[in-house]
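Residues in the sequence shown are numbered from 96 upward in steps of one, following my numbering. Here is the structure we will look at, set down as C-alpha cells.
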Amino acid sequence: MILGMDDGQTGRAERGWCGEWIAAWDRFFFTPADPLPLALIRICTGLLLTWSSVVWLLDIDAFFGVDGWLAPHEVWRMNDQPWQWSLYFAAWSPTAMRVVAGVTLVAAILLTVGLATPLAAITAAVGFISAANRAPLNVFGFDDTLGLLLLPLAIGPSGARLSIDGLLAAGLPGARVEEAPSVRANVALRLIQLHLCVVYFFSGCGKLLGASWWDGTAIWGAVANGQYRTLDMTGLARHPLLTNALTLGTLFWEVAYPAIVWPRLTRRVALGMAVAVHLGIGVAMGMMEFGLAMITANLAFLSAPVVAASLAVVTGSRLDSSSSGTSFRSSARTSPGMSPRQGTQAHP
96 MILGMDDGQT
106 GRAERGWCGE
116 WIAAWDRFFF
126 TPADPLPLAL
136 IRICTGLLLT
146 WSSVVWLLDI
156 DAFFGVDGWL
166 APHEVWRMND
176 QPWQWSLYFA
186 AWSPTAMRVV
196 AGVTLVAAIL
206 LTVGLATPLA
216 AITAAVGFIS
226 AANRAPLNVF
236 GFDDTLGLLL
246 LPLAIGPSGA
256 RLSIDGLLAA
266 GLPGARVEEA
276 PSVRANVALR
286 LIQLHLCVVY
296 FFSGCGKLLG
306 ASWWDGTAIW
316 GAVANGQYRT
326 LDMTGLARHP
336 LLTNALTLGT
346 LFWEVAYPAI
356 VWPRLTRRVA
366 LGMAVAVHLG
376 IGVAMGMMEF
386 GLAMITANLA
396 FLSAPVVAAS
406 LAVVTGSRLD
416 SSSSGTSFRS
426 SARTSPGMSP
436 RQGTQAHP
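Here's what the structure looks like:
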C-alpha cells in the first residue's frame, strides 16, 4: 500500500516535471518577441552579403565558370553529395551566371534597406547557397556565418522594423508588415542563438585537441603566421604571460559560451569577449568580414530595449522598442525603457 502511494507520488512528480520542462521550452521558442534586434541583424547581414556578392561578381568566370578554378563535375566529385544544389549548375553560360549573381546582389541590397523584405530574404538566401555550393573551395568562416544568418532572416519578420516596408505600412492604407511582438521573430532569434552556442562550443572543443592551446602559445602561432598577419604583433614574444592569458582566455570563453551567454549576469562578459575576439581576428589576421559577421550574429542576444537605446545614442532620437516600422521619438518627450505591453515579451 505504501509502495503504491510512493509510486503514484513519483509518477505525479515526473509528470509535473515533464510538464514544466515542456512549458519552459514552449515559452523559450514561442513567446512573442520584438523584431527590432532581428531588423538590426538584417541590416548588418544585408551589407555583408552585398559586399560578398560584389566580390563574387568581380571574378565571376573564375568562381563559377565552366573553365574556372573548379569545374562543375569536380564540385560533385569533391562533395560526394548528390542532393547538393546550386543555380550555377544550370546557369553555366557567362550571361546566366551574371544574371544569377546580379539578382543575388539586388536581393542583398533590398534586404539591407528592408524593401520587399520577405521575398528579398528568400532570394538572397537561395543566391548565397547557390554560390557557396558551386564554389566550395572559396567558402570560409565568413560564408558559413552568412548562411547561419540568412535562413533565420527568411523565417522571421526581419522587415517589420527599420525598413522601407515599415514606412510603407505606416503611410499607405493597403500596405502592411507583421507588427511586433511576433512569435516568428522569437523563433528566428532563437535559431541564431542556439546555432552560435553550437558553433562556439565545438570550436572550443576542437581547440582542446591542439597542444598549442594547452601550453598557451596558440595566439602567438596565429599572429606570427606571415600568410595571415596584417598587423605586426610579434612583440607578444616578449610577453609570454600575456600570450598565455590571451590563449587560455579565448579557449575558456569559447567552451563556456553556451553557459555564460544566457544568464544576464554573465551575458555582457560573453558578448564583450565576442566583440574583442572577432575584432582582434579582423584587425590582426585580415579577416574583418568574418569578424563583423560573427559580431552581427551575437546581436541576437541583445534585447529590444537595449537595441533601441543603442540606436538612440547613434541617431540622437529614441526608437520605441514596441512600435512597428521605423518610428523614432524625441528623447526629450519620452523616457527610456519598455512599454507596458512588453511585459510578456521574450527577451533573448
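All C-beta atoms, glycine included, are put in the ideal place defined by N, C-alpha and C.
Please identify the residue among the options whose C-alpha is closest to the C-alpha of residue i.
i: A332; options: L326, Q322, G316, T325; result: G316
i: A392; options: L241, N174, A128, T345; result: L241
i: G197; options: R324, T410, L153, L346; result: L153
i: A226; options: W151, T345, A202; result: W151
i: A351; options: D238, S298, L284; result: S298
i: L263; options: L374, G209, C139; result: G209
i: V318; options: T342, A166, F296; result: T342
i: W178; options: F125, L200, R229; result: R229
i: G372; options: I117, I287, Y295; result: Checking the sequence, you will find Val at residue 372 rather than Gly. Nearest of I117, I287, Y295 to V372, Cα basis: Y295.
i: G321; options: P189, R285, M380; result: M380
i: A388; options: P189, M192, C139; result: C139
i: W180; options: F223, L394, P189, S188; result: F223
i: T325; options: G266, M382, T312; result: M382
i: D310; options: G344, L289, Y323; result: G344
i: P353; options: Y323, I314, W308, C300; result: C300
Along the alpha helix (DSSP H) that carries residue i, what are the first and last residues, could you check?
i: N281; result: 278-302
i: L262; result: 259-266
i: Y352; result: 335-355
i: F184; result: 182-185
i: G242; result: 236-250
i: T329; result: First-last for T329: undefined, no H or E at that position.
i: P127; result: Looking at the DSSP string, P127 is not in any alpha helix (DSSP H), and its letter there is neither H nor E.
i: D310; result: No alpha helix (DSSP H) holds D310; DSSP gives it neither H nor E.
i: R362; result: 359-380
i: F385; result: 383-393
Considering only the beta carbon of each residue, do residue i and residue j sit closer than 8 Å?
i: V170; j: P231; result: yes
i: A211; j: L144; result: no
i: A444; j: P335; result: An answer regarding residue 444 cannot be provided, because it is not within the stretch 96 to 443 covered by the chain.
i: A395; j: I287; result: yes
i: R362; j: V356; result: yes
i: L182; j: V149; result: no
What's the gap between the Cα of residue i and the Cα of residue j?
i: L346; j: V364; result: 14 Å
i: L257; j: A134; result: 6 Å
i: R337; j: G236; result: Note on residue identity: the sequence assigns Leu, not Arg, to residue 337. If you take the alpha carbons of L337 and G236, they lie about 27 Å apart.
i: C113; j: A119; result: 10 Å
i: G420; j: T207; result: Because the pLDDT at G420 is just 47, under 50, the model does not fix this residue reliably, and the value given afterwards should be weighed accordingly. Straight-line Cα distance between these residues: approximately 14 Å.
i: I250; j: T329; result: 45 Å
i: D327; j: G377; result: 13 Å
i: S422; j: L406; result: Because S422 sits at a pLDDT of 43, beneath the cut-off of 50, its placement in the model cannot be relied upon, and the following sentence gives the value as read from the coordinates. Straight-line Cα distance between these residues: approximately 12 Å.
i: K302; j: N339; result: 14 Å
i: S147; j: G141; result: 10 Å
i: W164; j: P358; result: 47 Å
i: I136; j: L244; result: 8 Å
i: V161; j: G254; result: 37 Å
i: V408; j: I217; result: 32 Å
i: F385; j: G111; result: 45 Å
i: F124; j: R285; result: 7 Å
i: V293; j: G261; result: 33 Å
i: L456; j: L304; result: Outside the shown range of the chain, which is 96 to 443, sits residue 456, and nothing can be said about it.
i: I97; j: R122; result: Below a pLDDT of 50, predicted positions are generally treated as unreliable, and I97, at 45, falls in that range; no measurement from the model is reported.
i: G438; j: W308; result: No answer about G438 holds up, because its pLDDT of 39 lies below 50 and its placement is not dependable.
Between residue i and the rest of its own chain, which residues show a CB-CB distance below 7 Å, the 5 nearest in sequence each way excluded?
i: L397; result: P132
i: P276; result: P127, A128, D129, Q440
i: I259; result: V208, G209, L210
i: A215; result: A202, L205, L206
i: M368; result: W348
i: D156; result: G163, P189
i: N233; result: F158
i: N174; result: P231
Note down, in chain order, each residue of its chain lying with its Cβ closer than 6 Å to the Cβ of residue i, except the 5 sequence neighbours on either side.
i: P252; result: P130, E273, S277, R279, A280
i: L291; result: A392
Can you list, in chain order, the residues of its chain with a C-beta nearer than 8 Å to that of residue i? Leave out the 5 residues immediately preceding and following it.
i: V194; result: A186
i: M192; result: I155, D156, F159, G160, Y183, A186
Does the ligand HEM have even one heavy atom less than 7 Å from the beta-carbon of residue i?
i: G316; result: The ligand HEM is not part of the structure shown, which contains no ligands of any sort.
How about residue i: is its C-beta nearer than 8 Å to some C-beta of chain C?
i: A332; result: Protein chains in the displayed structure number just one, and chain C is not present.
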